[in-house]
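Working notes, beginning with the structure itself.
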Amino acid sequence: MILPFMDQAPLYNLIGTQTGSFAYHWLDANHTGTGSISTAIPAAKTILPAFMCPSDPMEGINTDMNSFGKSNYLASSGTSATVRDGVMFSSSRTRMSSITDGSSNTLFVSERTTQNDGSTSTNCGGSPCAWSGGLWIGPRLSGSTVGWFPGASTLDVENSGGGSITYLIGGSSATWGSAWIASSSHEGGIHVTLGDGSVRFLSENIDRLTYRALVTPNKGEVLGEF
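To convert, note that position 7 of the sequence shown is 84 in the working numbering; the numbers rise steadily by one, no gaps.
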């Protein structure tokens, strides 16, 4: 929805007119490009430099996801890959009025690196996971099993192994938690955008409960300094 404000109105229109809905469940990772949605594939493959972190050494396309254009900046959908208690997730209807914790205390967007930690990209239940993620569009849907939610956007603070925020993707490469946590390719932590539009740098040593409270918009937690 922000594309028109980035001088990308033609791309915005291409996505909307070719899919018929911005809520369309985008292509499966192995989609071959058939059917009416195939006309929007060029839009999905568009590389937008504004969505790429300069510190991420990986290229601008996602070779594990049909060569779609990637993004290092993903929306926050909740505290785990299965709990939608964040701001933006599939079929979310979150309004500013429902962010009772305050927009300056609620995380909207986080960094995630697409750099590999040395593991293969298919360790998460046989499906490509975090290092093949970082899409600006293009979830993977396989029957009733959701490998990527629309927007590819979960911050997992409960199952991250080595900490929720890491230099690279933390935890075991064979767990789903590691496929969803925020990460970056620069030292010390990650950049996030809060609901009031401000950008903050969160230390990799941030308290886990503080980080969890930032992810949720209406749990009533009292935050200190972070």
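Ideal placement from N, C-alpha and C gives every residue a C-beta, glycine not left out.
In this text the structure is predicted, and so the values were computed from the model without any measurement.
If we ignore side chains and look at the alpha-carbon of each, how far apart do T190 and A127 end up?
Residue 190 sits at position 113 when you count from the first residue of the sequence shown. Residue 127 sits at position 50 when you count from the first residue of the sequence shown. C-alpha separation (whole angstroms): 15 Å.
Considering only residues of the same chain and omitting the five flanking positions on each side of V164, which have a CB-CB separation below 8 Å?
In the sequence shown, residue 164 corresponds to position 87, counting from 1. Cβ neighbours of V164 beyond the five flanking positions: A152, S153, S154, T171, I176, T183, L184, F185, G272 and P294.
Which residues does DSSP pair with Y89 in a beta bridge?
For the purposes of this step, residue 89 is taken as residue 12 along the sequence shown, with counting starting at 1. None, per the DSSP bridge assignment.
To the nearest angstrom, report how far apart L291 and L125 are at their CA atoms.
Your numbering for residue 291 matches position 214 in the sequence shown. Your numbering for residue 125 matches position 48 in the sequence shown. Each residue's alpha carbon lies about 28 Å from the other.
By a C-beta neighbour count over all protein chains shown, 10 Å radius and 16 as the cutoff for buried, is N90 buried or exposed?
As a working mapping, residue 90 is identified with position 13 in the sequence shown. So N90 ends up on the exposed side.
Tell whether a beta-carbon distance below 8 Å holds between S187 and A259.
Taking the sequence shown and counting its residues from 1, the one referred to as residue 187 is at position 110. Taking the sequence shown and counting its residues from 1, the one referred to as residue 259 is at position 182. For S187 and A259, yes; Cβs fall inside 8 Å.
Neighbourhood of G137 by C-beta distance below 7 Å, restricted to the same chain and skipping five residues each side
Along the sequence shown, one-based indexing puts residue 137 at 60. Contacts found: I124, M129, G146 and K147.
So the candidates are G297, E302, P131 and D133; which of them puts its Cα closest to the Cα of L279?
Your numbering for residue 279 matches position 202 in the sequence shown. Nearest of G297, E302, P131 and D133 to L279, Cα basis: E302.
If you follow the alpha helix (DSSP H) that A127 is in, where does it begin and where does it stop?
On the sequence shown, residue 127 is found 50 positions in, with the first residue counted as 1. Segment: none, A127 is in no alpha helix (DSSP H) and carries neither H nor E.
Can you find the residues in the same chain that come closer than 6 Å, C-beta to C-beta, to V269, ignoring five residues on each side of it along the sequence?
As a working mapping, residue 269 is identified with position 192 in the sequence shown. Non-local beta-carbon contacts of V269 in its own chain, meaning distances under 6 Å to residues more than five positions away in sequence, involve L184, S187, R277 and L279 in chain order.
For V276, the first and last residue of its enclosing beta strand (DSSP E)
For the purposes of this step, residue 276 is taken as residue 199 along the sequence shown, with counting starting at 1. Taken as a continuous stretch (DSSP letters only), the beta strand (DSSP E) holding V276 covers V276 to S280.
Nearest to P134 (by Cα), restricted to the options H263, K296 and P81:
Locating residue 134 in the sequence shown gives position 57, counting from the first residue. For the set H263, K296 and P81, the Cα lying nearest the Cα of P134 is the one of H263.
Hey, how far is the Cα of F82 from the Cα of N149?
Here the question's residue 82 lines up with position 5 in the sequence shown. Here the question's residue 149 lines up with position 72 in the sequence shown. N149 has its alpha-carbon roughly 19 Å from the corresponding atom of F82.
Just to confirm my understanding: we take S169, look at its own chain, exclude 5 residues before and 5 after, and list those with CB closer than 6 Å. What are they?
Counting from one through the sequence shown, the residue named residue 169 turns up at place 92. If we look at S169 and ignore the five residues flanking it on each side, it has no Cβ neighbours.
Looking at the structure shown, is I267 part of a helix, part of a strand, or coil, going by DSSP?
Residue numbering aside, residue 267 sits at position 190 when the sequence shown is read from its first letter. If DSSP states are grouped into helix, strand and coil, I267 belongs with the strands.
Could you pull the start and end residues of the beta strand (DSSP E) that L286 belongs to?
Start at 1 with the first residue of the sequence shown, and residue 286 comes out as number 209. If you look at L286, you'll find it isn't in any beta strand (DSSP E); it sits in the alpha helix (DSSP H) that goes R285 to V292.
Provide the residue(s) that pair with A152 in DSSP beta bridges, ordered along the chain.
For the purposes of this step, residue 152 is taken as residue 75 along the sequence shown, with counting starting at 1. Note: A152 sits in a beta bridge opposite V186.
Given I92 as reference, the closest of V299, Q85 and A120 once Cα atoms are compared:
The residue labelled residue 92 in the question sits at position 15 within the sequence shown. The option with the nearest alpha carbon to I92 is A120.
Distance between beta carbons of D178 and G274, contact taken as under 8 Å
Locating residue 274 in the sequence shown gives position 197, where the first residue counts as 1. Locating residue 178 in the sequence shown gives position 101, where the first residue counts as 1. 16 Å between Cβ atoms; not a contact.
Whose CA, out of S132, I118 and Y288, lies closest to the CA of S144?
Here the question's residue 144 lines up with position 67 in the sequence shown. Of the candidates S132, I118 and Y288, the one whose C-alpha sits nearest the C-alpha of S144 is I118.
C-alpha distance - D162 paired with R289, whole-angstrom precision
By one-based count along the sequence shown, residue 162 stands at place 85. By one-based count along the sequence shown, residue 289 stands at place 212. Taking the straight line joining both Cα atoms gives about 10 Å.
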